[in-house]
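Q:
In the UniProt record's numbering, the protein residues as written are 1 to 166.
(1) What separation, rounded to the nearest whole angstrom, lies between the Cα atoms of residue 135 and residue 55?
(2) Taking buried to mean at least 16 other C-beta atoms within 10 Å of its own C-beta, is residue 107 buried or exposed?
(3) Suppose contacts are defined by Cβ-Cβ distances below 8 Å. Is residue 130 in contact with residue 72 by that definition?
(4) Applying the criterion that 16 or more other CB atoms from any shown protein chain within 10 Å of the CB defines a buried residue, is residue 18 buried or exposed?
(5) CB-CB under 7 Å to residue 157, same chain, minus the five flanking residues each way: which ones, in chain order?
(6) Would you please state the rounded distance, in angstroms, between the beta carbons of residue 143 and residue 128? I believe it to be under 8 Å.
(7) Using only alpha-carbon positions, find the residue among 154, 141 and 138 that is nearest to residue 78.
See below:
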């Protein structure tokens, strides 16, 4: 015979308290699962956006680096000894020392279309020497790309492609 029923079964209050705690834990768990799912969705979005940005930057780089004419900087180099001191091979070497190549006629033409005017002859990769002018003048010829056929030594027109295309 049992005289004290409190020892045999938990009290109704104790069961109620445990049920409340269980309900709170379920609520907290549901909230955490919701937050976790939300974070997973945000992460997936960020990864997708990042992949899209990488894809766009890769496409932009590809477009820039495969553009025709190639994008870069056209510039003239003269010998340390002064103007018109390079033969063709020396002009190639002078450009190579600048991490560049002899410019093509098309590159000089594009620079002229973009506003370049420079009344000094320079070697080009097609083994001609030319110079661009924007304004006609007695000493510098007509507007356009002028030929320099009268000497055997000139400066060098060099071209360096965009550095991130290497």
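Each residue gets a CB set at the ideal place from its N, CA and C atoms; glycine is no exception.
A: Answer, in terms of the structure:
(1) Distance from the CA atom of residue 135 to the CA atom of residue 55, rounded to whole angstroms, is 44 Å.
(2) buried
(3) no
(4) Under this definition residue 18 is an exposed residue.
(5) 74, 76, 102, 103, 108, 122, 123 and 124, listed in sequence order.
(6) Not a contact, Cβ separation roughly 19 Å.
(7) 154
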